[in-house]
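Step one of this worksheet: look at the structure below.
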Amino acid sequence: RRDDIPVLIDHFLKKHTRNTSRLVKGLNPEARRMMNDYAWPGNVRQLESAIERAILLCEGDMITPDDLPSELQQESRGTSAGAFKLPPEGISFEEVEKNLILQAMDQTDYNITKAAKLLGLTFRTLQYRLEKFGIKKPDGKGDGEE
């Protein structure tokens with residue numbers, strides 16, 4: 002069960018640091034997030050093996066993502082866009098869409114061509130959505146087009 006993962010991580014950490022001369026205190030937040038988010042198809046044995054390996058590879062006192070098995074690192078990188086977890090109370094899809102558009106526009110200095118490319122949209126689609134959400138270029142920002 003997913004709820005058991007943090008408890009198992011701590012248990013295996015204590016168990017395997019006791020058996021080595023390593024002074025590993027724990028996992029940094031990113032490594033812990035990756036461990037919690039991973040599906041663990043190999044079940045508890047795979048989790049224990051990953052902790053044991055990370056302890057042996059760890060160069061400091063905290064396990065980092067670099068110490069974790071490659072399958073965890075690949076899944077974390079490969080699903081960054083899909084890693085969004087829908088909260089139980091739901092979301093406003095339009096607010097998420099508007100927020101992403103605003104971020105892209107800000108990041109590209111309000112250049113529609115560059116922002117559209119960043120979002121994987123056509124120029125016309127982004128232009129339509131900018132109008133739909135009433136998003137206008139603030140004074141002093143880029144020229145809007147390229």
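Going by the numbering used here, the first residue of the sequence shown is number 2, and it counts up by one from there.
In this text, a Cβ means the ideal position worked out from N, Cα and C, and glycines have one as well.
Best match in the options for proximity to residue i [C-alpha to C-alpha]
i	options	result
residue 94	106, 9, 139, 134	134
residue 10	106, 22, 64, 23	64
residue 52	139, 89, 7	7
residue 139	127, 22, 110	110
residue 103	75, 132, 40, 42	132
residue 100	15, 130, 114	130
residue 96	117, 123, 121, 136	136
Beta-carbon separation (whole angstroms), residue i vs residue j, contact threshold 8 Å
i	j	result
residue 55	residue 68	4 Å
residue 108	residue 119	7 Å
residue 73	residue 35	5 Å
residue 13	residue 49	5 Å
residue 66	residue 32	5 Å
Range of the contiguous alpha helix (DSSP H) that encloses residue i
i	result
residue 103	94–108
residue 129	124–134
residue 18	6–19
Residues that DSSP places opposite residue i in a beta bridge
i	result
residue 120	BP columns for residue 120 are empty, so no partner.
- Segments of 3+ residues assigned as beta strand (DSSP E) that fall wholly inside the region 34–92: none
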